[in-house]
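Sequential numbering of the sequence shown, starting at 1, is according to this note's numbering.
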Amino acid sequence: MSMTRNSLLLGAACTALLTAMSPAAMAQDTPTTDASPAETTVVVTGTRIKRPNLKSNSPITTVDATEIKAQGATTIETVLNNMPQVTADASQGVSNGSDGTAQVNLRNLGSNRNLVMIDGQRALPGEASDLNFIPSAMVERVDVVTGGASAVYGSDAISGVVNFILKKNLTGIHLDAQYGFSDHTNDNDSLRDLQSSYGFETAPKHVTDGSTYTINLSGGKTFADGRGNISGFIGYRKAEPVTQDSRDYSACALSGTTSFACSGSSNSAYGKFTSSDPSSPSYLTPLADNPDGSKTFVPYDSSTMAYNTNPLNYIQRSDKRLSAGVFGHYKFNEAVEVYGTFIAMKDRSLSQVAPSAIWQGTDFTINCDNPLMSDAQKTSLCGSTTSTADTTAQIGYRFASLPRIGDIRHEDYRGTIGMRGQINDNISYDINYLQSVVFYHNDYYNDINQSKVVNALQVVDVNGVATCKSVVDGTDPDCVPVDIFSTAGPSAEALAYLSDVSSTRNTLRERNLSGSLNIDFGAYGLKSPWASDGVASVFGAESRVDTLNYVVNQVALDNGGTNSDGRVSTNEIYTEFNVPVIQDKPWVKDLTLDFGLRGSAYKASSSTSDSPLKHTTTWKIDGQYAPNSDIRFRASYNKAVRAPSISELFTAQALGNVTANDPCGSEMTATLAQCELTGVTAAQYGSIILDCPSQQCTQQYGGNPNLNPETAKTYTFGFVYTPARVRALNLSVDYYNIHVDDYISTVDPTLILNQCLTTGNSFYCNLIHRNSKTGILYGTDGYVISTNVNTGYLQTSGVDVSANYALDIESLFNKNLGRVNFTFMGTRLLEQVTEPLPGLGTYDCKGLFGPTCGNPNPEWRHTLRATWAMPWADANLSVNWRYFGAVKLSSNTDNAYLAGTTSTLNSEIKAYNYIDLSGSYKFAGRYSVRASINNLFDKDPPVLASNVLTGTANGNTYASAYDTLGRTIMVGITADF
């Protein structure tokens, strides 16, 4: 309330001041015009200057509502991921480790380096820029701006801006409903034979699943003779889950370098017991429960005892989403218009993965007189059937009854209130207060509490009844003994005792008070002698506060989670100038320069740290030159800045899984001398180093309050060609180059291992912390340190090509057959370079995928849509061609940063071509139906071994980059009233 009151007071003061400064007050003879500037001024993404017919000098790619409907998209990230400028990021196709959000990643520089906006204002707190919040049915268009835009919009806009322009000023009622599903044939005979050879159940030959339902109601009313409007919407979306056992490519966890094998986790239902007690007869010898059900140990056999973690995992998470919003404005007069927006979303998504386990990586203590062990097992672990001493072992025992389920809930709220006005023909202002809040809840069910395992393994005989020692001494009266010494598994009571709900709660808030003043100085004589338009400018200021509060319950604390909090306060001032230099002269239709400057001061603090005030400055210069009306050249140069986010600063350090292979594990691809650099002893090498289960090693991650801002220099140049002789053609070609210094990141654990092995550099080797007994890089005592640091640089460059052309078929066939519209977007990637640490070399991921490089980086991507508008009905038919270029495995290269285990099996992912069909028909003036088929030929995604997958990988493929469900079909209907 106080912030809103201050906004209104500030607005009133600015109005009075601007009225005093107006030409009527300063120069009574200034001519006026009857035209309303508000009717002619347009807001252009890429600049905050408002003036008629202004064109952005930054390359902008636009996707409108027609394209969104043609794709049958129910989530906006699907549309964005199909754009060649975007690298697939977090999406609904990722389950294990998902936080339930969807992200956009421009130029593969990270989703944290592009700014997501709604109508030119920040969408949500930067930590939670969830595309699920964007109501796809209300999107009028999406503007994607390439290159640094920090001078215009502030921090985060290093790789560009994604600006969602929403529909407003609605009249009447609009109802839209849509249903979609996947239709897939499983016909990969080689994989089916492989799975059968392991005794695994194969996927059904044909599946129809993955249903999605959406319904949206929107409407609005204009009142007061057009001076006011109120519009609103409410929408509901539901998506059914799809498990990995329903597809050939994902039914078993795949491994291999020359041929596929069905592998799995050594945390298995047979158990894996590796004694870490040097006095034990089976010291460092992996044992397992006898498959015949008897209480005896047999040697652990990874080929027959590994647990297939895939079948229960989701390749499409279930999701239920309710969203609503209202938009309104009322113009009292030309000088005062009040406006406001409010959008809310409630989303619940379930992520399902394989059942929990007693995890390897911790030395568990077992008392040798444990009555749940047979004499044979006591002898194997303790060397005696009568000893009362304790022994220790690494245990991997899968409780294969209930899958783990992450119940992920988001509640997002965003409201704005503002006042704007036109003081006169040449001066306007806009004052706005924005507040957004994200409540993130994650309850993780059916997880095994490792702290309770400690008590449940300490068991004694009390009057013939197996009883926890903690019950006897009263430290844990609820303890139930766990019998993991046969394949029969523990009792239901023991499982209920061990299973706990791990809960996390995260609240992120952003408050932003901003004001801007637009002035066209041409009315005051400030203009070039060779131009008809004067200098236009904007002056503005912003005050922003971001806060984070992350709280975990006791179970999460026991499992290594920690609480954290943080606050970042930012104050900024900025200006832009649009300077027409020459207009309407021979050989110079238009020559215009733009300048922008922004100064920022921010301060970060938390309950445990307080950083000093830091200052940054960003600027831009760009221009356009049009020799005539047919062609326009444009270029821009930006110095951009990204301040570290709250999570990067203050997330508490903890341990988590990371996809990696240990070169000193059982495969031993490294020499003894190399492995010794990573902490392996001569006694351990070649015999006792345990592999990371399912290629999931442990990484220590977390924040760093001493981080400095990233700085970037970006430049673009290109042209727009709209020839008068071919009025239906619009072609643009733009080169971009983005260089980010001191980028904030973790050092990839695979890179750390490889660099330590190949260079012996102490910086890398000191980041490797092996389990002192087993050498494993897994669990609480074995991990790779990979916390946030300011590292080296990122560099990417490429060329974007976009074109639109309308072909009048009548001119070809002398018959009224309508028109075909062609839309093309393509990107040629020229480089994707990373310097992990200053001065220590670089690697280029152009055309590569895999460990270190992550998601595929094809050299060429494009989409080409042809839409036939039929002349005899309000109908159209459209075909879309999506091309995703070939990529090669990064670990097969000879670059020292990328080198790793070579693979001939997955050495290359060939180019992918997808064909989509769609059509629509409007009838009775107010109704329309539409249908689409994406991935018409039901093409499987590439099948990849888990050891080459990183990034948004799931189910033996890159879940966000390729179509994982096969052919998808959608039908929809709309009605206007």
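Glycine included, each C-beta is placed from N, C-alpha and C at the ideal position.
| query | result |
| --- | --- |
| Just the C-alpha distance for N788 and T651, rounded to the nearest angstrom, thanks. | 10 angstroms |
| Assess contact between the region 687-707 and the region 638-651, defined as three or more Cβ pairs (one per stretch) separated by less than 8 angstroms. Is contact present? | yes |
| Please list the segments of the beta strand (DSSP E) lying wholly inside the region 198-225, counting only runs of 3 or more residues, in order along the chain. | 206-223 |
| Leaving aside the five residues before and after A70 along the sequence, list all residues of the same chain whose C-beta is less than 6 angstroms from its C-beta, in chain order. | S878, S918 |
| Which word fits H174, buried or exposed, when buried means at least 16 other C-beta atoms lie within 10 angstroms of its C-beta? | buried |
| Using only the alpha-carbon positions, how far apart do Y962 and Y413 sit? | 32 angstroms |
| Would you give the residue range spanned by the beta strand (DSSP E) that D319 belongs to? | 318-333 |
| Using beta-carbon positions only, say whether A670 and P663 come within less than 8 angstroms of one another. | yes |
| State buried or exposed for Q554, treating a residue as buried only when at least 16 other CB atoms are found within 10 Å of its CB. | exposed |
| Give me the residue from Y602, S606, G623 with the minimum Cα distance to K614. | Y602 |
| In three-state terms, what does DSSP make of K69? | helix |
| Starting from Y307, trace the alpha helix (DSSP H) in both directions and tell me its first and last residue. | Premise fails: Y307 is in no alpha helix (DSSP H) and is neither H nor E. |
| To the nearest whole angstrom, what separates the beta carbons of D916 and Q85, a pair I think is in contact under 8 angstroms? | Rounded, the Cβ-Cβ distance is 19 angstroms, inconsistent with contact. |
| Helix, strand or coil: how does DSSP classify G126 here? | helix |
| Comparing C-alpha positions only, which one of E710, L944, G540 sits nearest to N571? | G540 |
| Determine the closest residue to Q696 out of T750, M668, D741, with distance taken between C-alpha atoms. | T750 |
| Just the Cα atoms here: how many angstroms apart are N169 and G228? | 9 angstroms |
| Roughly how many angstroms lie between the CA atoms of M345 and H410, to the nearest whole one? | 8 angstroms |
| Out of V139, K910, A556, G718, point me to the one whose CA is closest to L655's CA. | A556 |
| So who's on the other strand from A866, going by DSSP bridges? | F822, V879 |
| Does the Cβ of R404 have 16 or more other Cβ atoms within 10 Å, making it buried, or fewer, making it exposed? | buried |
| Would you decide whether F763 is buried or exposed? Buried here means 16 or more other CB atoms lie within 10 Å of its CB. | exposed |
| Compare the C-alpha of K221 against each of I76, T45, F327, E240 and name the closest. | F327 |
| Would you list the residues sitting across from V437 in a DSSP beta bridge? | Y413, R509 |
| Kindly list the residues whose CB is nearer than 7 angstroms to the CB of S22, restricted to its own chain and excluding five residues on each side of it in sequence; keep chain order. | Low confidence applies to S22: its pLDDT is 34, below 50, so where it sits in the model is not reliable, and the reading given next is rough at best. Only I423, N424, I427 meet the Cβ criterion. |
| Thinking D96 and V353 are a contact (beta carbons under 8 angstroms), I'd like their distance in whole angstroms, please. | Sequence check: residue 96 is Asn here, not Asp. Indeed they touch by this definition, with Cβ atoms about 5 angstroms apart. |
| Does the distance from the CB of L194 to the CB of V943 come in under 8 angstroms? | no |
| Between Q832 and the rest of its own chain, which residues show a CB-CB distance below 7 angstroms, the 5 nearest in sequence each way excluded? | N108, T796, D844, C845, K846, N857 |
| Since L690 and Q360 are thought to touch, with beta carbons under 8 angstroms apart, how far apart are those beta carbons, to the nearest angstrom? | 7 angstroms |
| Output the distance between the C-alpha atoms of P137 and K527, rounded to the nearest integer angstrom. | The amino acid occupying residue 137 in the given sequence is Ala; Pro does not appear at that position. About 43 angstroms. |
| With a threshold of 7 angstroms on Cβ separation, who are the neighbours of P627 within its own chain once the five nearest residues in sequence on each side are excluded? | W587, V588, K589 |
| Could you tell me if I573 is buried or exposed, where buried requires 16 or more neighbouring beta carbons within 10 angstroms of its beta carbon? | exposed |
| Which two residues bound the contiguous alpha helix (DSSP H) that contains I375? | In the sequence as displayed, the identity of residue 375 is Asp instead of Ile. That run of the alpha helix (DSSP H) goes 375-382. |
| What residues in its chain sit with their C-beta under 7 angstroms from that of A982, if we drop five residues either side in the sequence? | With the chain covering 1 to 977 only, the question about residue 982 has no answer from this structure. |
| Could you check whether the region 135-152 touches the region 60-68, counting it as contact only if at least three pairs of C-beta atoms, one from each stretch, sit closer than 8 angstroms? | yes |
| What number of angstroms, rounded off, separates the C-alpha of T901 from the C-alpha of P851? | 10 angstroms |
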